[in-house]
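Each residue of the sequence shown is one higher than the one before, starting from 0 at the first, in numbering that gives the first Met the number 0.
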Amino acid sequence: MNRNVVLLALSQALAMTVVSLMLSASALVSVGLLAAPGWATLPLAVQYLATMLALHPLARLMARRGRRPVFVGAALVGAAGLALAVAGLLRGSFAVFVLSGLCVGVLGAVSQFYRFAAAEAVPTEQRGQASSLTLAGGVLAAFLGPFIVRTTRDLAGTPFLASFAVLVGVALLAAGLGLFLHLPVPPKPEAGRAPRPLGQIARQGDFRLAVAGAAVGYAAMGLLMTATPLAMLCVRHDFDSTMTVIQWHLVAMFAPSFVTGLLIGRFGVLQVMSLGGALVLAGIGVALAGDAIAHFSGALVLVGVGWNFLYVGATTLLTQTCRDEEKPTVQAFNDSVVFLSVTLATLGAGPLVDRLGWATVNLLVVVPVALLMAGLLRALRRRRAGLAPAA
């Protein structure tokens with residue numbers, strides 16, 4: 000296996016370890032810090048907002064300086080943010096805890112480029128597999144994050160204080176791994192071939208479908224995943240049960256990555272994305288069937304696998320719509336759209352669960368996923384009819 004892909008997969012695992020702990024614990028930490036009703040998901044929303052805002056500056060930096068120094072620097076910023084979270088817990092300050100999400104979001108932003116860096120480090124025919132294998136690093140995070148929480152949650156006087164302190168070391172380790180990367184230098188435009196304007200690239204039907212697939216898949220998954228701990232708290236499931244549900248959701252998100260690239264090569268990218276959308280809808284059906292732990296777990300497992308098929312598929316499709324010199328701009332635009340949708344979904348998770356209830360939240364998610372499915376099926380019909388993708 001390519002050395003860079005292994006290092007990027009490990010970096011992905013460490014970044015997702017931070018994310019998994021934030022997902023499972025930040026809402027409960029916020030409640031403990033006396034956050035106002037409906038605002039328990041604000042720290043996560045701020046984190047995703049920072050991710051969205053950092054994407055373009057990071058992309059420009061990577062275009063000029065290369066990926067490695069940016070990967071290292073962003074991980075150090077993330078470590079500083081986690082240290083700020085520790086300070087917020089020590090001071091009992093919800094505001095400081097929220098502000099820590101700004102720095103943690105920078106680490107989240109740079110982790111979005113790991114899969115693209117992996118694709119650039121291998122031959123063209125291996126790009127889909129390299130991207131999916133990098134995302135597979137999240138499987139390690141699915142076990143490492145819960146292990147850290149369960150073993151450190153009550154080590155200090157304040158719940159989760161030791162957990163966030165350990166995460167500072169996790170982010171520093173991600174920075175250390177980045178030092179060993181040897182990635183291709185940023186490609187320079189060929190003589191006489193300047194990058195096309197983004198508007199021209201966006202006229203491609205496949206480009207729009209790729210961005211929509213990633214944004215809808217991520218927002219749907221993010222809303223349901225963020226709302227789940229609050230919904231489980233409402234029906235009085237304990238934290239250990241919530242942690243287990245999130246853990247298996249993360250396994251479901253990333254374990255398929257070992258084979259998603261192969262499935263795309265065997266059956267086609269649109270077919271795999273369509274299956275992903277169908278699995279998200281199936282997960283919503285399970286969530287609507289009841290509020291037992293099995294319902295929450297089964298729903299998030301299906302949503303997790305569906306997200307993987309949509310996200311890896313959309314990433315693969317996106318790489319087919321642009322040239323090398325256009326990648327930084329295209330990747331940053333794509334992930335900006337994705338994280339704008341995720342920020343709004345996360346910010347709305349708390350108020351929606353509080354005011355409308357878990358069942359209504361699930362029904363709301365059906366609408367964008369169904370519209371995406373319609374677009375995917377239309378594109379499939381056009382390809383089978385031998386027509387070019389819609390412009």
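In this text, a Cβ means the ideal position worked out from N, Cα and C, and glycines have one as well.
**Report entry** R383 versus P194 - alpha carbon distance
**Finding:** 31 Å
Query raised in the report: Between the stretch 347-358 and the stretch 71-82, do at least 3 Cβ pairs fall closer than 8 Å?
Result: no
Query raised in the report: Could you check where the alpha helix (DSSP H) with F338 kicks off and where it finishes?
Result: K326 to R354
Query - Burial state of Q11, where buried means 16 or more other Cβ atoms lie within 10 Å - result: buried
Report task. Would you kindly work out how many angstroms separate the C-alpha atoms of L182 and T342, rounded to a whole number? Result -> 30 Å
**Report entry** Helix, strand or coil at N1 according to DSSP, with G and I counted as helix
**Finding:** coil
Query raised in the report: With a cut-off of 9 Å, does the C-beta of S110 fall near any C-beta of chain B?
Result: Going by chain labels, chain B is absent from the structure shown, which holds only one protein chain.
Query raised in the report: Going by beta carbon distance, what residues of the same chain come within less than 6 Å of G303, once the five residues before and after it are set aside?
Result: H248, A251 and M252
Query raised in the report: Hey, how far is the Cα of V30 from the Cα of L229?
Result: 10 Å
Query - Anticipated Cβ contact below 8 Å, F295 with V352, distance rounded - result: In fact, because the Cβ distance is near 13 Å, the residues do not count as touching under 8 Å.
Query - Cβ neighbour criterion (16 or more within 10 Å) applied to L376 - result: exposed
Query raised in the report: Mind checking P122: buried by the 16 CB within 10 Å criterion, or exposed?
Result: exposed
Query raised in the report: In whole angstroms, what is the alpha-carbon distance linking V365 and L178?
Result: 43 Å
Query raised in the report: CA-CA distance, L299 and L13?
Result: 22 Å
Query raised in the report: In its own chain, which residues sit with a C-beta less than 6 Å from the C-beta of K326, not counting the 5 before and 5 after it?
Result: none
Query - N- and C-terminal bounds of the alpha helix (DSSP H) containing D239 - result: F238 to F253
Report task. Would you please state the rounded distance, in angstroms, between the beta carbons of F308 and V271? I believe it to be under 8 Å. Result -> 5 Å
Query raised in the report: DSSP on V121, reduced to helix/strand/coil?
Result: coil
Requested in this report: Quick one: grab the DSSP three-state call for P68.
Outcome: helix
Requested in this report: For the alpha helix (DSSP H) holding G374, just list the boundary residues, first then last.
Outcome: W357 to R383
Query raised in the report: Taking the C-alpha atoms as reference points, what is the distance between V285 and G297?
Result: 7 Å
**Report entry** Simplified DSSP state of D290, which is helix, strand or coil
**Finding:** coil
Query raised in the report: Out of T259, V17, L261 and R126, which has the shortest C-alpha to C-alpha gap to V4?
Result: R126
Requested in this report: Using 10 angstroms around the beta-carbon of C233, count the other beta-carbons present and answer buried if the total reaches 16, otherwise exposed.
Outcome: exposed
Report task. Using the Cα positions of T40 and T318, report the straight-line distance between them to the nearest angstrom. Result -> 33 Å
Requested in this report: Could you tell me if F146 is buried or exposed, where buried requires 16 or more neighbouring beta carbons within 10 angstroms of its beta carbon?
Outcome: exposed
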